[in-house]
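Peer 1:
In my numbering, the protein residues as written are 295 to 745.
Pasting the structure below:
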C-alpha cells in the first residue's frame, strides 16, 4: 500500500549534523529533530536498509528544483523588489478610489528581473479589476504591425468583463462598437471583432485619435466599476514611434479628464530618455524605477530561501561562493542556484556542490548570454571591450582605453554610446564604464586565448 512521505519540520535542517570520514565519504550523522517518536536518532549507517532516514539525507530530486533560469520566469523568491511592488499596489489602490497617479516605468539591464516584476504587477492589477493588456515591443516593421494586432485582440479579451449582468449597459454596448471600429483599423479580423456593430468612432485611421476616442467611450464603465485600463509593455524601447507617441498622448489626455488609463512599461536604461524625446511631458507621466542588481542581503535571501523552504541547508562557505560569483545579478542567482540543487546529492549543500554549480553555470552562460552579446558587437566594439578587460578593476575609464588602442576620442565616445545602447556596458559617470553582467571579461579573455 502506498504511504505518503512524512513531511519534515520547516526548521529540521538546522537540527541535523552530517558526519564524514577523512576521505569525505559520509558515514552517519546526528539528528536532534523529533522523528518517528524518537527525540534523538543516531544515524549509524545512512545507507543501511530499513535504517531511520534523517531528512538531511534525502536526495535532491531535479524535478523538484525550484530555481528557474530563463527569460521572464518567476523566481521562487522575489527578493529585493518590495519598494517597486508597494508603489504599484498604492497606484492600484488609488485608482479604485478614482484618485489618479503617475504610472510606472521600470528600466535596467537585461537579466535583472524587469519582466518578472512587470508580470507580477499585471497579475495584481487584474485581480483588482483592471482591464489588463500585455504587449511586447518589437524592433521591426512586421513586429510593429504584430504589436498593433495583439493590442486590439487583448483589448477585446480584457473588455469582455463588462458583458456580465448589469455592467452591460447601453454605454458599454456603444463602447464595444467603438472597440470594433478600433480593432478593424488596426487590422484585427475574426469573430471577436464582429460581435458589436461599429459605431464610426475610432475609425479615422490615425492611431492617436482612434485610441483616445476608444478610451473616452469606455470611461463611464471604468468609473462605475472602479476599474482602469492598464497597458503593460515589455521591451518598451522597441515600440515604434507612432504607437509609443499615441500611448503617451492618450495617457496624458486621459489623466487630464480623470480617466484611469495607465501605460506601465519596462525596458533598457535608454528608455527614460527615449520617452522624453517622444513627448516632452513624459517625465511627468511616470515614476521611473531603476531595477538593478540585488544587495548582498537580498541576494542571500534569493539564493538561500528556496533551499531552506524545502528543508535543505547550504554550508556557509558554499553560500559565500555562490554570492560572490553571482554578484547580486538575479539571472545568475537562478542559474547558479539551479545548478547547485542538481549538483547536491542530498539536502546538505556542501562547498563541492557549489563549485560544481559554478562550473556548470558558467558553461551554460558561455553557450547563451555571453556569445549572444559578443556576436552583436562590431570589430571596433570588440576591440573596445578587450581593452576594458586589460584592467583588474571592475570599472575603467575612457582615458584608460585610449592609452591601449589607436582609436580617437571621438571614435571611443561613439563606440561607448553604441555599447551602452546594446546593453553590454553602462556608464557610472561621463568617463567611467563597466560591464553590465558579471563574468563577461573572463569570457572575452577566453575567446582571445582560444583564437
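Here a beta-carbon is modelled for each residue, glycine too, at the ideal position from N, C-alpha and C. These numbers come from a predicted model, not from an experiment.
Considering only the alpha carbon of each residue, which of 447, 558, 397 and 402 lies closest to residue 473?
Peer 2: The residue with the shortest Cα to Cα distance from residue 473 is 447.
Peer 1: Per DSSP, what are the beta-bridge partners of residue 403 in this structure?
Peer 2: None; residue 403 has no bridge partner.
Peer 1: What number of angstroms, rounded off, separates the C-alpha of residue 541 from the C-alpha of residue 561?
Peer 2: 16 Å
Peer 1: Note down the Cα distance separating residue 636 from residue 601, rounded to an integer number of angstroms.
Peer 2: 12 Å
Peer 1: Along the chain, where does the beta strand (DSSP E) that runs through residue 557 open and close?
Peer 2: 555-561
Peer 1: Taking only three categories from DSSP, how would you classify residue 530?
Peer 2: Helix, per DSSP.
Peer 1: Our contact map puts residue 678 next to residue 663 with C-beta atoms below 8 Å; I'd like the distance itself, whole angstroms only.
Peer 2: Rounded, the Cβ-Cβ distance is 19 Å, inconsistent with contact.
Peer 1: In the DSSP output, what is residue 634 paired with across the bridge?
Peer 2: None; residue 634 has no bridge partner.
Peer 1: Return the chain-ordered ranges of every alpha helix (DSSP H) run that is complete within the stretch 586-644 and spans a minimum of 4 residues.
Peer 2: 590-602, 610-620 and 624-637
Peer 1: Name, in chain order, the residues that DSSP records as bridge partners for residue 656.
Peer 2: Per DSSP, none; premise fails for residue 656.
Peer 1: What separation, rounded to the nearest whole angstrom, lies between the Cα atoms of residue 614 and residue 378?
Peer 2: 27 Å
Peer 1: With which residues is residue 668 paired in a DSSP beta bridge?
Peer 2: Its beta-bridge partners do not exist; DSSP assigns none.
Peer 1: Could you check which residue in 360, 414, 564 and 374 has the C-alpha nearest to that of residue 592?
Peer 2: 374
Peer 1: By the three-class DSSP mapping on this structure, what secondary structure does residue 454 have?
Peer 2: In the structure shown, residue 454 falls within a helical segment according to DSSP collapsed to helix, strand and coil.
Peer 1: Which residues in the same chain have their Cβ closer than 7 Å to the Cβ of residue 699, if we skip the five residues on either side of it in sequence?
Peer 2: 677 and 681.
Peer 1: Run through DSSP, which three-state label would residue 393 get?
Peer 2: coil
Peer 1: When you compare only the Cα positions, how much space is there between residue 549 and residue 572?
Peer 2: 18 Å
Peer 1: So, residue 587 versus residue 645, is the Cβ gap smaller than 7 Å?
Peer 2: no
Peer 1: For residue 703, which three-state DSSP category applies?
Peer 2: helix
Peer 1: Run through the DSSP bridge pairs and tell me what residue 552 is partnered with.
Peer 2: Partner(s): none; residue 552 has no beta bridge.
Peer 1: Here's a check: name, in chain order, each residue in its chain whose Cβ is nearer than 7 Å to the Cβ of residue 506, leaving out the five neighbours to either side.
Peer 2: 544 and 547
Peer 1: Going by DSSP in three states, residue 581 sits in which element: helix, strand or coil?
Peer 2: strand
Peer 1: Who are the near neighbours of residue 465 in its chain, counting only those whose CB is closer than 7 Å to its CB and skipping five residues on each side?
Peer 2: Within the same chain, residue 465 has close Cβ partners 514 and 515.
Peer 1: Count the other CB atoms, across all protein chains shown, that sit within 10 Å of the CB of residue 353; report buried if there are 16 or more and exposed otherwise.
Peer 2: exposed
Peer 1: Go ahead and label residue 358 buried or exposed: buried means 16 or more other beta carbons lie within 10 angstroms of its beta carbon, across all protein chains shown.
Peer 2: exposed
Peer 1: Do the stretch 519-526 and the stretch 430-444 make contact, defined as three or more Cβ pairs closer than 8 Å?
Peer 2: no
Peer 1: Give me whichever residues DSSP pairs with residue 721 in a beta bridge.
Peer 2: 727
Peer 1: By alpha-carbon positions, which one of 438, 585 and 598 ends up nearest to residue 399?
Peer 2: 585
Peer 1: Buried or exposed for residue 363, please, with buried defined as at least 16 other CB atoms from any protein chain shown within 10 angstroms of its CB.
Peer 2: Buried.
Peer 1: Of the residues 417, 652 and 536, which one's Cα is nearest the Cα of residue 626?
Peer 2: 652
Peer 1: Bridge partners for residue 428 per DSSP, in chain order?
Peer 2: 526
Peer 1: Considering only DSSP beta bridges, list what residue 690 is partnered with.
Peer 2: 727
Peer 1: On a Cα-Cα basis, can you pick out the residue from 581, 655 and 693 that is closest to residue 381?
Peer 2: Check the Cα spacing between residue 381 and each of 581, 655 and 693: the tightest is with 581.
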